[in-house]
Amino acid sequence: MNLSEMSTDFSEQSMNLITGIELKHALNEIPNWKRYNDEGKVKLTRAFHFVDFKTAFLFAAKVTEISESQRHHPVLLIEWGRVVVYWWSHNLQNLHLNDFIMAAKTDLLID
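Dropping the structure here:
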């Protein structure tokens, strides 16, 4: 599975939590991301570091572009020299394959 080449799918049939072997493979494709439990909501998170605020802001703008194109939106924390990205599926309050797809696409913006 190459997550960064996949597109998000919001069809009713696809809206299941990612579990088991599929979860293991997806986590292996995004090794710099961490699973984060935020008061019972499981999210993917990664901090990206930059040389200044402007560069961080421009990166966040790129994340916004891919978010709009895939119709899936993260929480972005923009600070001087740092952007923290959180992906999760709000309706599931947990992780879905779409979150891993978006994390992989986010990685392409920097790697």
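For the record, in the sequence shown the residue sitting at position 56 is 63 according to the numbering used here, with numbers rising by one throughout. Cβ atoms here follow ideal geometry from the backbone N, Cα and C, with glycine treated the same way.
- Membership of Glu-75 in the alpha helix (DSSP H) is indicated by the continuous run 60 to 77.
- Where Glu-86 is concerned, the enclosing beta strand (DSSP E) starts and stops at 82 to 86.
- Proximity of the region 62 to 78 to the region 23 to 40 falls short of the contact definition, fewer than three beta-carbon pairs being nearer than 8 Å.
- Between the alpha carbons of Asn-44 and Tyr-93 lies a distance of about 11 Å.
- Rounded to whole angstroms, Lys-69 and Asn-101 show a C-alpha spacing of 24 Å.
- Rounded to the nearest whole angstrom, the C-alpha separation of Glu-46 and Trp-95 is 13 Å.
- The shortest CA-to-CA distance from Ala-110 to any of Met-22, Lys-48, Phe-55 is the one to Phe-55.
- Within its own chain, the residues whose Cβ lies closer than 6 Å to the Cβ of Leu-84, once the five positions on either side in sequence are excluded, are Val-91, listed in chain order.
- The continuous alpha helix (DSSP H) containing His-32 extends over residues 27 to 36.
- The C-alpha of Ile-117 is placed about 15 Å away from the C-alpha of Ile-108.
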